[in-house]
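I have placed the structure first, in the form of structure tokens, so that the comments after it can refer back to it.
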Amino acid sequence: MQNKEIEIFYPTSVSAWREWLEQNCLSTQAVWLVYYSKSSGKPTISWSEAVDVALCFGWIDSKRVKIDSETSHQYFTKRKAKSTWSRVNKDKIEQLTAAGLMTHTGLKSVEIAKQNGSWTILDSIEALEIPEILELAFSQTNGSKQKFQALSKSKQKLMLYGLKAAKTIPTKEKRIGEILEALLN
């Protein structure tokens with residue numbers, strides 16, 4: 000893979016970001032999108048607006064980096080075929096589709112995700128469903144389930160995701176050990 004300079008784009012409006020994606024979504028792999036703070040007085044778009052438009056083209060946001068007190072930029076890329084879909088983004092897709100804003104490319108990324116299972120892989124985590132293997136560990140460790148349920152939903156989801164992402168039994172066992180240790184210490 001070539002190490003190429005990533006373009007930096009300063010959208011002054013939602014339509015400018017959409018136009019950039021219309022022209023570049025198939026030929027470019029990534030872009031740094033620049034946001035200005037409200038106090039800067041410079042025209043900009045919000046993170047939510049940027050994500051909505053990106054989803055229409057099968058793109059997704061990633062890391063955000065603060066440049067200075069008025070400026071930050073966020074990395075946007077084409078969504079990988081096997082990347083997972085959060086409930087928030089699936090809800091956005093539903094709204095964007097109903098509004099007629101989804102492009103062929105964006106709809107294709109959704110269809111691929113539905114076919115390969117990445118569309119639904121986070122559903123059990125979003126629903127805070129505890130897998131059997133973790134239920135068993137909780138049943139063998141007094142107070143652990145209660146402590147788990149007392150955590151914030153975001154912390155529970157983080158732990159469940161780590162367990163779900165484990166591909167081998169030894170890794171799953173290691174993650175369960177880490178969960179129990181975090182709960183009991």
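Under numbering that gives the first Met the number 0, the first residue of the sequence shown is numbered 0, with each subsequent residue one higher. Note that the Cβ used here is the ideal one computed from N, Cα and C, for glycine as well. All values derive from a computational prediction rather than experimental measurement.
Minimum C-alpha distance to residue i - residue among the options
i: Ser26; options: Ile132, Thr76, Gly40; result: Thr76
i: Leu127; options: Gln148, Asn115, Val109, Gly116; result: Gln148
i: His72; options: Ile175, Lys81, Ser61, Leu100; result: Ser61
i: Ala181; options: Thr170, Ile168, Leu157, Ala29; result: Leu157
i: Leu32; options: Ile168, Gly40, Lys65; result: Lys65
i: Glu4; options: Ser14, Gln28, Glu21; result: Gln28
i: Asp51; options: Lys89, Ser123, Leu150, Ile7; result: Lys89
i: Val109; options: Ala80, Glu131, Arg86; result: Ala80
i: Asn115; options: Pro42, Ala165, Ser82; result: Ser82
i: Ser45; options: Trp58, Trp118, Ile175, Pro10; result: Pro10
i: Tyr35; options: Cys24, Ala49, Asn23, Gln22; result: Ala49
i: Thr70; options: Lys37, Cys24, Val87, Ala53; result: Lys37
Where the alpha helix (DSSP H) through residue i begins and ends
i: Thr181; result: Looking at the sequence provided, one finds Ala at residue 181 rather than Thr. Start and end: 168-183.
i: Asp90; result: 86-97
i: Tyr160; result: 152-164
i: Phe147; result: 143-149
i: Lys107; result: 103-115
Bridge-paired residues (DSSP) for residue i
i: Ile120; result: BP columns for Ile120 are empty, so no partner.
i: Ile7; result: Trp31
i: Gln139; result: Paired residue(s): none; Gln139 is not in a bridge.
N-terminal and C-terminal residue of the beta strand (DSSP E) that residue i is part of
i: Lys65; result: 58-65
i: Ser71; result: 70-77
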